[in-house]
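Take the sequence shown: its position 310, counted from the start at 1, is 1678 in this note's numbering, and no numbers get skipped.
By construction, the Cβ of each residue, glycine as well, lies at the ideal position given by its N, Cα and C atoms.
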Amino acid sequence: MNRMAARLLERVFVKVHIRAAWNKLHNMTEQGELSSALESLIHLTATDSSYCELIGVMVDMISTDSLGIAAPFLCHIIDMAALPSQQTTRRMSQQLLSKCDPGGLARLRSKKKNKTAAALIWSMLANRLAGEMSATLFSDAVCECLLNNIENDSDMTCKVFSIIALEKFSLTGPCKARIMQTPIRRLLRDTANMSTFGLTDKEEIAGILQAKFCAEWSLRNIFRDIAEEPKEASLEGSQPGDQSPSISQTENDMSARESLSPTEGGSKRVVDSRSTNVKVILNTLDATRHWKISEDGLTIRNDGSTFESIRTTKSVTCGKWFYEVTLITAGIMQLGWATAHCQFSPEDGTGVGDDLFGFAYDGSRNLIWSSGESEPYGDPEAWRPGDILGFYLDIDNAVMECFMNGQSLGPITPFDKDRFAAQATSGYFPAFSFTSFQQATFNFGASEFKYPPALPWRNLNEQGTITPEMKRAIIRPRSESVYGRLKLDPVTGVRLASMPEEEDDIDYSLLCTICCDHTATVTLQPCGHDGLCVECAYSLDMCPLCRSRIYQRQMFSASETKETTTTAANGLLISGLSSDTSDCSSAHTTLAGLSASSTTTSAWSTEYFGP
1369 MNRMAARLLE
1379 RVFVKVHIRA
1389 AWNKLHNMTE
1399 QGELSSALES
1409 LIHLTATDSS
1419 YCELIGVMVD
1429 MISTDSLGIA
1439 APFLCHIIDM
1449 AALPSQQTTR
1459 RMSQQLLSKC
1469 DPGGLARLRS
1479 KKKNKTAAAL
1489 IWSMLANRLA
1499 GEMSATLFSD
1509 AVCECLLNNI
1519 ENDSDMTCKV
1529 FSIIALEKFS
1539 LTGPCKARIM
1549 QTPIRRLLRD
1559 TANMSTFGLT
1569 DKEEIAGILQ
1579 AKFCAEWSLR
1589 NIFRDIAEEP
1599 KEASLEGSQP
1609 GDQSPSISQT
1619 ENDMSARESL
1629 SPTEGGSKRV
1639 VDSRSTNVKV
1649 ILNTLDATRH
1659 WKISEDGLTI
1669 RNDGSTFESI
1679 RTTKSVTCGK
1689 WFYEVTLITA
1699 GIMQLGWATA
1709 HCQFSPEDGT
1719 GVGDDLFGFA
1729 YDGSRNLIWS
1739 SGESEPYGDP
1749 EAWRPGDILG
1759 FYLDIDNAVM
1769 ECFMNGQSLG
1779 PITPFDKDRF
1789 AAQATSGYFP
1799 AFSFTSFQQA
1809 TFNFGASEFK
1819 YPPALPWRNL
1829 NEQGTITPEM
1839 KRAIIRPRSE
1849 SVYGRLKLDP
1859 VTGVRLASMP
1869 EEEDDIDYSL
1879 LCTICCDHTA
1889 TVTLQPCGHD
1899 GLCVECAYSL
1909 DMCPLCRSRI
1919 YQRQMFSASE
1929 TKETTTTAAN
1939 GLLISGLSSD
1949 TSDCSSAHTT
1959 LAGLSASSTT
1969 TSAWSTEYFG
1979 P
């Protein structure tokens, strides 16, 4: 009896401790208290019983209204937690299932909230435990629960996290094979075909847009049916359930984004973002690894566990510029401007505004970030889904000004004028950093701005240039999986002759010496070492052979020699210094097409200037 009482008291103590530590995190207390609370929660995962208690308490305490702050902390805790045993993993899964369908007095609590929190935690655990442990976590009951959430749950947040959880489970082969035997593609098509027409509530619209985006991305990249793809490519007029959403449905989504924040004078004209009018998009080749990007290149989402950052395909060196961001979620994001030298470090949690080469606004915490330091800025209330942020940059006078739904938050000077001008010579890119499960849509001028400022400004999109080949490489064509060997050059989008279907025919001498997956098309400068693909080359700051600093990444096709590459007259500058400084409005990112290539060298000869 005494032993049982001691165990009960220990469980009560652990639960009280977890709740107290979680409340400190949720209330965003002092930095020292946050670190202490995080360490205490991570320490609890060292024992199996405490790990299970932690998961159970998290399901009860996570609120869908505060996921923007809660989710990144929980991601960090699970990433840093001790690896559970197989028995503990099975117990945690059963515990989450019981939370989704509670009995007795537990039904008085919000079952909807528990299902959303359970799907969120499943997604994090599946990502952390990918492999044999994930297969243990993923039972038939878990699969059925998540599929039922997608099909029948009216809560869009629950749908979103159920889709994400299945994506994360699909990282493990046996789990994906099991998922593909279910009607997952039909459920995702039904979700992707949902309409926002006639809705006026901003949060309801934002929830549907999240669910549609996740479903469309999963259909293109994760749960692909290879047998159906030729049919989908050839049948443009097939029935709604047979393919991904049409352009007309995308127009409805654009109209929904317009309705998120109507102006007094009525909505402005919407230009289809899939048209050739789009000349500036988000650049996944100049970003961290875990972004999801829409087919038009203007909507991005981070469903990874780290702080992801990205730049656009265009930079500017002088003048006055403006762009808008429509928030689909309202968690922690740092939105602003950065040079090509801004260092993105997802694991360390550093992004735009966290070093000397960028500055950003965070409306969730009402802070402006510059040189790794923050200052209070903006309204006392945090931004909300549907808010439209405007970002104005006056390079000549070293001033940035942010706007919330057309209202100025005040001009600021991130750096002194001399330093600002010196950094402008390398070009300022619109740049963004998102915590986990954040999503936004960007307008660089392809459609009319919702709230244009009453200041002189220029349109980024009018000055941008992008080729279809480059756009396909950035977005990754739907016929190519993001989890597996890419048969396309990651820069040009051209199918690689060195990647035949038969494994025995692959010329391994042409593959990257690090990942052995993509073609080696990069020479590091100034040391001159080669043998790397673009993705591996971009992930390095120092040469892996001589440990010298990388200042330039020079790119060439697999059929070229380095000697031929050095004579290339027409390159593709992904980020960095432009060779033409005659016009201050010219982008430091120039996207050269086939027609601009030299006859003496490959059309895809490239110079890549990265941080």
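Mapping the DSSP letters down to three states, classify M1429 as helix, strand or coil. Your numbering for residue 1429 matches position 61 in the sequence shown. Helix at M1429.
So M1910 is in the beta strand (DSSP E); what residue range does that whole segment cover? In the sequence shown, residue 1910 corresponds to position 542, counting from 1. Counting along the chain, M1910 falls outside any beta strand (DSSP E), and DSSP gives it neither H nor E.
Own chain, CB closer than 8 Å to S1538, minus 5 neighbours either side, in chain order: Start at 1 with the first residue of the sequence shown, and residue 1538 comes out as number 170. The residues are K1544, I1547, I1590, F1591, Y1851.
Using a threshold of 8 Å, state whether the C-beta atoms of V1693 and G1704 are closer than that. Sequence index remark: in the sequence shown, residue 1693 carries index 325 (1-based). Sequence index remark: in the sequence shown, residue 1704 carries index 336 (1-based). No.
So, is M1910 buried or exposed, given that buried needs 16 or more other C-beta atoms within 10 angstroms? The count along the sequence shown starts at 1 and reaches residue 1910 at position 542. M1910 is exposed by the Cβ-count criterion.
Are T1887 and L1900 closer than 8 Å when you measure CB to CB? Walking along the sequence shown from the start, residue 1887 turns up at place 519. Walking along the sequence shown from the start, residue 1900 turns up at place 532. No, the Cβ-Cβ distance between T1887 and L1900 is not below 8 Å.
Should R1387 be labelled buried (16 or more other beta-carbon atoms within 10 Å of its own) or exposed? One-based indexing of the sequence shown puts residue 1387 at position 19. The residue in question, R1387, is exposed, as its Cβ has fewer than 16 Cβ neighbours within 10 Å.
Around the Cβ of V1384, are there at least 16 other Cβ atoms within 10 angstroms (buried) or fewer (exposed)? What you label residue 1384 is simply residue 16 of the sequence shown in a count that begins at 1. The residue in question, V1384, is exposed, as its Cβ has fewer than 16 Cβ neighbours within 10 Å.
Taking three-plus beta-carbon pairs below 8 Å as touching, is the region 1560 to 1571 in contact with the region 1511 to 1518? Proximity of the region 1560 to 1571 to the region 1511 to 1518 falls short of the contact definition, fewer than three beta-carbon pairs being nearer than 8 Å.
Taking the alpha-carbon positions, what's the G1575 to I1696 distance? Position 207 of the sequence shown, counted from the start, is the residue given in the question as residue 1575. Position 328 of the sequence shown, counted from the start, is the residue given in the question as residue 1696. Distance between the alpha carbons of G1575 and I1696: 8 Å.
Which term fits E1749, buried or exposed, when burial requires 16 or more other beta carbons within 10 angstroms of its beta carbon? Here residue 1749 corresponds to residue number 381 of the sequence shown, with the count starting at 1. With fewer than 16 other Cβ atoms within 10 Å, it is exposed.
Tell me which same chain residues have a C-beta within less than 6 Å of the C-beta of S1739, skipping the five on either side of it? Your numbering for residue 1739 matches position 371 in the sequence shown. Closer than 6 Å at Cβ, skipping near neighbours: L1724.
Residues bridged to T1694 (per DSSP): Against the sequence shown, residue 1694 aligns to sequence position 326. According to DSSP, which records beta bridges pairwise, T1694 is partnered with I1756, T1809.
Measure the alpha-carbon distance for R1458 versus K1818 and round it to whole angstroms. Residue numbering aside, residue 1458 sits at position 90 when the sequence shown is read from its first letter. Residue numbering aside, residue 1818 sits at position 450 when the sequence shown is read from its first letter. Those two C-alpha atoms are separated by around 50 Å.
Environment of G1778 [buried if 16+ CB atoms lie within 10 Å]: On the sequence shown, residue 1778 is found 410 positions in, with the first residue counted as 1. With fewer than 16 Cβ atoms within 10 Å of its Cβ, G1778 is classed as exposed.
I want to know whether the region 1763 to 1770 touches the region 1706 to 1714 - three or more CB-CB distances under 8 Å. no
Is there at least one non-hydrogen atom of the ligand MN closer than 7 Å to the beta-carbon of C1884? The ligand MN is not part of the structure shown, which contains no ligands of any sort.
For a minimum of 3 consecutive residues, which ranges assigned as the beta strand (DSSP E) are wholly contained in the region 1673 to 1755? If we require 3 residues or more, the beta strand (DSSP E) runs fully inside the region 1673 to 1755 come out as 1676 to 1680, 1688 to 1695, 1701 to 1706, 1726 to 1730, 1735 to 1738, 1741 to 1744.
Decide if the region 1577 to 1590 is in contact with the region 1660 to 1671; the criterion is three or more beta carbon pairs, one per stretch, under 8 Å apart. yes
Taking T1456 as the reference, give the member of N1651, L1422, I1756 with the closest Cα. Working through the sequence shown from its first residue, we reach residue 1456 at position 88. Per the Cα distances, L1422.
Across the region 1728 to 1735 and the region 1814 to 1833, are there enough close Cβ pairs to call them in contact, namely three or more that are closer than 8 Å? no
A1799 by DSSP, collapsed to three states: which one? Taking the first residue of the sequence shown as 1, we reach residue 1799 at position 431. Taken through DSSP and simplified to helix, strand or coil, A1799 comes out as strand.
Evaluate D1747 with the Cβ neighbour count: other Cβ atoms within 10 Å of its Cβ, from every protein chain shown; 16 or more gives buried, anything less gives exposed. As a position in the sequence shown, residue 1747 is number 379, starting the count at 1. Classification of D1747: exposed, given that the 10 Å Cβ count is below 16.
Run the CB neighbour count on D1784, radius 10 Å, all protein chains shown included, and call it buried at 16 or more, exposed below. In the sequence shown, counting from the first residue as 1, residue 1784 sits at position 416. Under this definition D1784 is an exposed residue.
With 16 as the cutoff for other CB atoms within 10 Å, does E1535 come out buried or exposed? The residue labelled residue 1535 in the question sits at position 167 within the sequence shown. Within a 10 Å sphere around the beta-carbon of E1535 sit 16 or more other beta-carbons, which makes this residue buried.
Rounding to the nearest angstrom, what Cα-Cα distance links K1570 and D1755 in this structure? Here residue 1570 is taken as the residue at index 202 of the sequence shown, counted from 1. Here residue 1755 is taken as the residue at index 387 of the sequence shown, counted from 1. Going by the C-alpha atoms only, they are around 9 Å apart.
Taking DSSP as the reference, what is the three-state secondary structure of L1497? Along the sequence shown, one-based indexing puts residue 1497 at 129. Of the three classes helix, strand and coil, the one that applies to L1497 here is coil, per DSSP.
Contacts around Y1760, its chain only, beta-carbon distance under 6 Å, and the 5 residues preceding and following it disregarded: As a working note, residue 1760 is residue 392 in the sequence shown. Answer for Y1760: F1690, E1769, P1821, listed in chain order.
Nearest to I1649 by alpha carbon, out of L1402, S1673, S1683? Working through the sequence shown from its first residue, we reach residue 1649 at position 281. Looking at the Cα atoms, S1683 is the closest of the given residues.
CA nearest to the CA of A1485, picked from A1509, I1445, V1427, Q1454: Indexing the sequence shown from 1 puts residue 1485 at position 117. For A1485, the closest alpha carbon among the candidates A1509, I1445, V1427, Q1454 is that of V1427.
Does DSSP put T1934 in a helix, in a strand, or in coil? For the purposes of this step, residue 1934 is identified with residue 566 of the sequence shown, where counting begins at 1. Bear in mind that the predicted position of T1934 carries a pLDDT of just 40, short of 50, making it unreliable; the figure below should be weighed with that in mind. Three-state DSSP puts T1934 in coil, outside helix and strand.
Taking the straight line between their C-alpha atoms, what separation do you get for I1531 and I1700? In the sequence shown, residue 1531 corresponds to position 163, counting from 1. In the sequence shown, residue 1700 corresponds to position 332, counting from 1. Each residue's Cα considered, the two are about 22 Å apart.
Rounded to whole angstroms, how far is the Cβ of R1553 from the Cβ of D1523, which I believe are closer than 8 Å? The count along the sequence shown starts at 1 and reaches residue 1553 at position 185. The count along the sequence shown starts at 1 and reaches residue 1523 at position 155. Actually they do not touch by this definition, with Cβ atoms about 22 Å apart.
Helix, strand or coil, according to DSSP, for R1921 in the structure here? Locating residue 1921 in the sequence shown gives position 553, counting from the first residue. The answer is strand: DSSP assigns R1921 an E or B state.
Among the candidates Q1920, A1503, D1722, D1762, whose CA atom is the shortest distance from the CA of F1337? Residue 1337 lies beyond the range of the chain shown here (1369 to 1979); nothing can be said about it.
Distance check for V1646 and I1445, CA to CA, integer angstroms please. Here residue 1445 is taken as the residue at index 77 of the sequence shown, counted from 1. Here residue 1646 is taken as the residue at index 278 of the sequence shown, counted from 1. Roughly 40 Å between the two C-alpha positions.
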